[in-house]
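Asks: This is the structure I want to talk about, given as structure tokens.
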Amino acid sequence: MKRNLFKQSIYLIAGVLILSSCEEDHNDEYAPEKPIGGYNSVREISPDNLVGYWAFENSLTDSAGSLQATPTNITYATGKKGQAFQGAANGYAVINDAGTVLPALTSYTITFWAYTAQASKATGIFALNNSKDFWGSLDIYIEPYIQNGVPNVDSLFFKIHMNNDNVVWKGQFTDTKFGAAVNKWVHIAATYDGDKSIYNVYVNGKQIGVNTAGNPQGTKGPKLHGDDPATHDIPYGLLKFVNASKIAFGAFQFQTVPSLNVGGTPQDWATNFSGALDEFRIYNKALAESDVNSIYKLESLGR
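Just so you know, we're using full-length UniProt numbering here: the sequence shown kicks off at 1 and counts up by one.
This is how it looks when you write it as structure tokens:
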């Protein structure tokens with residue numbers, strides 16, 4: 001009798017363990033993904049402020065603003081998520097009608113993934129044009145990081161130029177050194193808060209130092225100046241783009257044919273972007289660092 005009770009107890013314990021194991025496996029298999037920064041997907045991050053979104057899934061479709069682009073010698077390649085824009089030395093895409101929203105930006109956040117070899121020249125990634133100036137209203141580009149007369153094999157300079165017609169120092173050129181940025185996917189984000197005149201750059205979700213006029217080199221979150229800070233502490237303020245009606249992906253405004261500015265011609269010190277771009281987003285406000293970090297992490301997971 002005792003032996004039978006002992007066997008029954010063993011069987012009962014074994015059954016409980018098996019059921020527990022199955023339940024654990026079931027929970028692991030069907031457990032929902034944990035939120036990141038309070039979000040389950042990038043779509044949940046400031047959806048009302050997303051004014052431009054190019055996933056580059058074998059098309060140049062703008063899922064946020066419905067802007068139409070025309071490709072020239074570009075293809076699509078394996079991206080960070082799905083497919084990606086694949087540029088070329090003679091390739092780019094142009095939006096001939098930028099609409100009214102992007103030219104009216106007063107603040108912004110721009111995020112995207114880039115995969116590139118070391119730049120040999122100034123290399124255009126994105127341009128919102130200024131048809132009556134050499135430089136655009138908003139230019140994003142990279143340049144080689146030179147050490148001892150030769151490009152560093154693993155680093156590059158990320159640069160943004162923006163033109164604000166509201167101030168004396170209209171054109172602002174910012175640059176940031178990116179390490180470990182060549183021949184790998186890198187997430188890049190730039191934000192500008194027009195109310196506070198604060199500019200930020202993030203690489204793979206982390207804030208990094210920026211070089212800007214009138215501020216110490218490598219400042220994180222510098223305040224941009226609208227005039228010489230030595231004599232006038234005028235903030236750069238809300239942006240006012242002028243003569244902005246077209247957009248280029250993969251080139252400067254003066255490198256396209258025809259150019260997006262009057263009288264623009266290709267420059268021997270500049271070239272088009274031959275790398276890949278993916279998940280290109282534009283918001284009409286400066287996102288918080290935590291949200292930029294969440295975009296990076298969620299997109300890294302394909303969410």
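Even glycine gets a Cβ: it sits at the ideal position worked out from N, Cα and C.
Identify, in the order they occur along the chain, each residue of the same chain with its Cβ nearer than 7 Å to the Cβ of Ile146, setting aside the five sequence neighbours on each side.
Replies: none
Asks: Tell me which same chain residues have a C-beta within less than 6 Å of the C-beta of His26, skipping the five on either side of it?
Replies: Note that His26 scores a pLDDT of 46, beneath 50, so its modelled location is shaky and nothing firm can be said.
Asks: I need the straight-line Cα distance from Arg303 to Trp54, nearest angstrom please.
Replies: 15 Å
Asks: Ala89 and Ile74 - do their beta-carbons sit closer together than 8 Å?
Replies: no
Asks: Three or more C-beta pairs closer than 8 Å, one from the region 157-164 and one from the region 126-142: is that the case here?
Replies: yes
Asks: Apart from the five residues on each side of it in sequence, which residues of its chain come closer than 6 Å, Cβ to Cβ, to residue 308?
Replies: The structure shown does not extend to residue 308, since the chain is modelled only from 1 through 303, so no value can be given for it.
Asks: Mark Gln255 as exposed unless 16 or more other C-beta atoms lie within 10 angstroms of its C-beta, in which case mark it buried.
Replies: That one is buried.
Asks: In the DSSP assignment, the beta strand (DSSP E) including Lys177 goes from what residue to what residue?
Replies: 171-178
Asks: I think Gly240 touches Asn148, with their Cβ atoms under 8 Å apart; what is that distance to the nearest whole Å?
Replies: The residue you asked about is not Gly; residue 240 is Lys in the sequence shown. Wrong, their Cβ atoms sit about 42 Å apart, outside the cutoff.
Asks: Of all the beta strand (DSSP E) runs that stay within the bounds of the region 179-237, which reach a length of 3 or more residues?
Replies: 186-193, 198-203, 206-208
Asks: Would you check if the distance between the CB atom of Ala244 and the CB atom of Pro103 is smaller than 8 Å?
Replies: Cβ atoms of Ala244 and Pro103: closer than 8 Å.
Asks: Please list, in chain order, all residues of the same chain as Phe280 whose beta carbon is under 6 Å from its beta carbon, the five residues on each side excluded.
Replies: Contacts found: Trp54, Phe112.
Asks: State the Cα-Cα distance for the pair Ala122 and Ser59, rounded to the nearest angstrom.
Replies: Approximately 26 Å between the Cα atoms of the pair.
Asks: So within the region 87-150, which uninterrupted beta strand (DSSP E) runs reach at least 3 residues, ignoring any that extend past its ends?
Replies: 92-95, 108-115, 122-128, 138-147
Asks: For Lys297, I'd like the list of residues in its chain whose CB is within less than 7 Å of its CB, leaving aside the five on either flank, ordered along the chain.
Replies: Ile36, Gly205
Asks: Kindly indicate the opening and closing residues of the alpha helix (DSSP H) around Val292.
Replies: 289-300
Asks: Once DSSP output is grouped into helix, strand and coil, what is the label at Arg281?
Replies: strand
Asks: If you measure between the beta carbons of Ile142 and Thr176, is that distance less than 8 Å?
Replies: no
Asks: Considering only the alpha carbon of each residue, which of Ser41, Thr174, Gly179 lies closest to Pro216?
Replies: Thr174
Asks: Starting from the Cα of Gly221, find the closest Cα among Phe249, Thr231, Val242, Ala189 and give me that residue.
Replies: Ala189
Asks: Which two residues bound the contiguous beta strand (DSSP E) that contains Val51?
Replies: 50-54
Asks: Helix, strand or coil: how does DSSP classify Pro35 here?
Replies: The three-state reading of DSSP puts Pro35 in coil, since its state is none of H, G, I, E or B.
Asks: Would Thr180 be called buried (16 or more neighbouring beta carbons within 10 Å of its own) or exposed?
Replies: Reading off the sequence, residue 180 comes out as Ala, not Thr. With fewer than 16 other Cβ atoms within 10 Å, it is exposed.
Asks: Determine the direct distance from the alpha carbon of Pro229 to that of Tyr92, and round the result to whole angstroms.
Replies: 38 Å
Asks: Taking only three categories from DSSP, how would you classify Pro47?
Replies: In this structure, Pro47 counts as helix in the three-state DSSP scheme.
Asks: Give the range of the beta strand (DSSP E) segment to which Ala77 is assigned.
Replies: 75-78
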